[in-house]
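Residues are numbered in the numbering used here as their position in the sequence shown, beginning at 1, plus a constant of 185. Right, one structure below, let's go through it.
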Amino acid sequence: MQRRDFSRSLLAAGATAFTAGAGLVPLAAQAQVGGFKEGTEYQRLGKPVATDSGAGKVEVLEFFAYSCIHCYNFEPVMAAWMKKLPATVVVRRTPVAFSDAFVPMQRLYYTIEAMGLVDQLHEKLFRAFHVDKVRLQDPAAIADWMGKQGVDMKKFNELFNSFSVVGKAKRAAQMQDMYGVEGTPALGVGGRFYVPGQGPRTLQVADALIAELRKGA
């Protein structure tokens, strides 16, 4: 999903082509990492972004939206990749907000994360939006769907409206801006690189960038 597409419809499938965002440096002599071209298959951030992964670890942010059809298609590939990662790589799913309409979906993700339900419900939520046409940008529709999943709704509602979850949603929006995210799915790697969505190839680029960052660890 491209940032510009949300105003047309949250259901519209956005193009996966990358549009360079603010804070990214111009292409410099076709630099490469692992055979992948800087400026084409990845971008080096002009200003590094602080990470929360700790010393000796590489943080990978997955920028996504439940309303993004490309994210839905990418999720099984991403999930399989995550299972194979070493302990030195930390993945943090980061729901984007290209407008206020995305905020309920951000808070939904951080609520199921807080409840330990990501493995159980994350992929189901993509299907709910794209197959069952559940309006996940509507808090009432979210609550109705979650209730049908047998979730403790008292706890869900408390978390969904909590200071912690609201704060995480705002922080996610800040991170997407610092990485210059213009479309989803996309990855932020080690606070140094931005990888636009390229299907499964996205993860090949990420692997090369992770290896590059670990050389200097």
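We put the CB at the ideal spot given by N, CA and C, even for glycine. Quick caveat: nothing in here was measured; it's all calculated off a predicted structure.
In the structure shown, G231 adopts coil according to DSSP, grouped into three states. In terms of Cβ geometry, T273 and G375 do not form a close pair [threshold 8 Å]. Where V274 is concerned, the enclosing beta strand (DSSP E) starts and stops at 274-280.
Residues I297 of the same chain have their beta carbon placed closer than 6 Å to that of V303, with the five preceding and five following residues left out of the count.
Cα atoms of Y251 and Q228: separation of roughly 24 Å, rounded to the nearest angstrom.
DSSP places A250 outside any alpha helix (DSSP H), giving it a letter other than H or E. Contact between G219 and A393 holds, with the beta-carbon distance rounding to 3 Å and staying under 8 Å. In the structure shown, Q361 falls within a helical segment according to DSSP collapsed to helix, strand and coil. In the three-state reduction of the DSSP assignment, A216 falls in the coil class, being assigned neither a helical nor a strand state.
Of A358, F311, E223, the smallest CA-CA separation from N258 is found for F311. The Cβ atoms of V281 and E247 lie no closer than 8 Å to each other. Taking a cut-off of 8 Å on C-beta distances, the stretch 382-398 does not touch the stretch 357-365, as fewer than three cross pairs fall below it. Using a Cβ distance threshold of 8 Å, W330 and A354 do not count as a contacting pair.
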